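Here is the structure we will look at, set down as structure tokens.
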Amino acid sequence: MLNDSFRYGDGALRCDGVPLSAIAAAAGSPLYVYSAARVHHNVERLRRAFAPLGASIHYSLKANPSLALVRLLREMGLGMDAVSAGEIARALAAGVDPARIVFAGVGKTATEIAYALDARIGWFNVESRDELRLLDRLAGERAARPQVALRLNPGIRAQTHEHIATGHLGAKFGLPAADVSALLDERSAYPHLHVAGLHVHIGSQLGDVAETVEAVRVAQAVAAPHPDVRTLNIGGGFPVRYTASDPAPAPDDFARALAPLLTGWRVLIEPGRALVADAGVLLVTVLYVKEQDGRRFVITDGSMTDLLRPALYGAVHEIVPLHEPAGETALAVVTGPVCESADVLSRAALLPPLGAGDRLAVLTAGAYGMAMASNYNLRTRPAEVLVEGDTWRVIRRRETWDDLLCLERGEDS
Ligand code: LLP
16 MLNDSFRYGD GALRCDGVPL SAIAAAAGSP LYVYSAARVH HNVERLRRAF APLGASIHYS
76 LKANPSLALV RLLREMGLGM DAVSAGEIAR ALAAGVDPAR IVFAGVGKTA TEIAYALDAR
136 IGWFNVESRD ELRLLDRLAG ERAARPQVAL RLNPGIRAQT HEHIATGHLG AKFGLPAADV
196 SALLDERSAY PHLHVAGLHV HIGSQLGDVA ETVEAVRVAQ AVAAPHPDVR TLNIGGGFPV
256 RYTASDPAPA PDDFARALAP LLTGWRVLIE PGRALVADAG VLLVTVLYVK EQDGRRFVIT
316 DGSMTDLLRP ALYGAVHEIV PLHEPAGETA LAVVTGPVCE SADVLSRAAL LPPLGAGDRL
376 AVLTAGAYGM AMASNYNLRT RPAEVLVEGD TWRVIRRRET WDDLLCLERG EDS
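As numbered in the numbering used here, residues 16 to 428 make up the sequence shown, in order.
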């Protein structure tokens, strides 16, 4: 969806003060463009909503780990939620205080845990007894005593795409309530850990506040016998509107429903999508247009390797031309060059007549866009641009064919 930062002015689609066609002409295509102003707006909206709960916001790096964006979010005072040592290294490179980093994930390796301990990060979110044992041993070897939150699987199936629902017992995430209770009872067996909180994240793009409220209730029941366990990390999952019809409760709706429950609790949240999704677009350029089986195929230089969500989840991203359409629009399949029928950016985009060289913007692409891009078909990943008011700069250069070869040079020569 268009928003205050991505809208038409004088017939041209702009990102804040800059026409997107000018950026594409200089920086090439396909291209990710992010609005610093929109990121700022999103942070403030979430911060205002959760201020009554005193929540500490940890940006979920997986949504978009661009160094420039991470720096921006760090400057806005956010902590970080990392799910790999790579993400921790990225946060540290962006100047994030290690104490403001939480490390989550169902499969942390010993190497990653050791790295995180040595970096003195703030919290480990632990998802199994084996992981707790390993963390205790590695902490003991370092004379460290990190804070730990146990990840609870509350047994709630979130009404979201099945690939991104995580709170039901059939999912690999967290531990059932009985297991978390048992671990809390036997905390003294882990002398090198300060098990002080619970973590619960039931999924992403959550459309129903009541499910999150229920998850928090389950966590509180588990923590009830342990008065020193009063930190609750309620995860991320705050939804965004990809289209006008998406059910997307606002951060305010979540905060208002949760506030009465969480008095006296220290609260952490881990938003990713809600901070960056609508702050980014993917610009692509039309290569060819053809009719087939009664459908119009618009073939662009952008593909599933640049934005995987439509292929992987059937996700709908609106696509609009950079020049405001004046006349009629008609449905088109927007696709890329990749050798897969799943390669679509949109199965039904309403677009004006188009020809080679016309540029399009795939909207709401700032989260899980570049983060999930690949080199399949040996395609180079897009460049990334950050717009700050009336100025813009390349924050990641376009990959080259040589970049794709360099890891193999010397191995097979
Ligand atoms: N915390 C935990 C433990 C998570 O697993 C996730 C996302 C988040 C926070 C951030 O969720 P968010 O606020 O961004 O919804 N690739 C998928 C989304 C995967 C989400 C994975 N976990 C997509 O493109 O929709």
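A virtual CB, placed ideally from N, CA and C, is assigned to each residue, including glycine.
Computed from a predicted structure; not experimentally measured.
If you reduce the DSSP assignment to three classes, tell me which class Asn140 lands in. strand
Just to confirm, are Ala376 and Ile334 a CB contact at a threshold of 8 Å? yes
Which residue marks the beginning of the beta strand (DSSP E) containing Cys30, and which one marks its end? Ala27 to Cys30
Check whether the Cβ atoms of Tyr383 and Ala78 lie closer than 8 Å to each other. yes
Does the count of Cβ pairs from the segment 32 to 48 and the segment 57 to 64 closer than 8 Å reach three? no
Per DSSP, what are the beta-bridge partners of Trp407 in this structure? Val402
Curious, which full-length alpha helix (DSSP H) runs of at least 4 residues does the segment 82 to 119 contain? 82 to 90 and 100 to 108
For Ala173, the nearest candidate out of Glu90, Arg135, Phe188 and Gly218 (CA to CA): Gly218
Once DSSP output is grouped into helix, strand and coil, what is the label at Leu369? coil
Along the chain, where does the beta strand (DSSP E) containing Tyr49 start, and where does it finish? Leu46 to Ser50
How would you call Ser20, buried or exposed, if buried means at least 16 neighbouring beta carbons within 10 angstroms? buried
Determine, using beta carbons only, whether Gln220 comes closer than 8 Å to chain B. Among the protein chains of the structure shown there is no chain B, as only one such chain exists.
Taking only three categories from DSSP, how would you classify Pro80? coil
Gly178 burial status per 10 Å Cβ neighbour count (16 or more: buried): According to the sequence displayed, residue 178 carries His and not Gly. The residue is exposed, with fewer than 16 neighbouring Cβ atoms inside 10 Å.
Between Met16, Leu132, Ala234 and Leu68, which lies nearest to Thr278 when the distance is taken from Cα to Cα? Leu68
Work out the CA separation of Ala230 and Asn390 for me, nearest whole Å. 38 Å
Excluding the five sequence neighbours on either side, which residues of its own chain have a C-beta within less than 7 Å of the C-beta of Ala39, listed in chain order? Leu46, Leu298 and Arg374
Just the C-alpha distance for Arg135 and Ala100, rounded to the nearest angstrom, thanks. 13 Å
Nearest-angstrom beta carbon gap, Pro254 and Gly242 [assumed within contact, 8 Å]: Position check: residue 242 holds Pro in this sequence, whereas Gly was assumed. The pair is not a contact, with the Cβ atoms about 34 Å apart (cut-off 8 Å).
I'd like to check one pair, Arg53 with Asn18: are the Cβ atoms closer than 8 Å? yes
By Cβ distance below 8 Å, which residues in the same chain neighbour Val228 in space, the five residues on each side in sequence not counted? Ala272, Leu273 and Leu276
Under 8 Å, with one C-beta from each stretch per pair, do the segment 164 to 172 and the segment 107 to 114 reach the 3-pair mark? no
Would you kindly work out how many angstroms separate the C-alpha atoms of Ser36 and Phe65, rounded to a whole number? 37 Å
Below 7 Å CB to CB, which residues in the same chain sit around Ala51 once its five sequence neighbours on both sides are set aside? Leu87, Leu401, Val402 and Glu403
Taking all protein chains shown into account, decide if Lys123 is buried (16 or more other Cβ within 10 angstroms of its Cβ) or exposed. buried
In chain order, what are the residue ranges of uninterrupted alpha helix (DSSP H) at least 4 long that sit wholly in the segment 216 to 260? 224 to 238
Taking the continuous alpha helix (DSSP H) assigned at Tyr130, which residues delimit it? Ala125 to Asp133
C-beta atoms of Pro367 and Pro340 nearer than 8 Å: yes
Pick from Leu323, Ala164, Arg232 and Val224 that is closest to Asp267, judged by C-alpha positions: Val224
Coarse secondary structure for Glu156, derived from DSSP in three states: helix
Would you say the beta carbon of Phe21 is closer than 7 Å to some non-hydrogen atom of the ligand LLP? no
Given Ala234, which residues of its chain have a CB within under 7 Å of its CB, disregarding the five upstream and five downstream residues? Leu167, Pro169, Leu213, Val215 and Leu247
The segment 342 to 354 / the segment 315 to 326 touching (three or more Cβ pairs under 8 Å): yes
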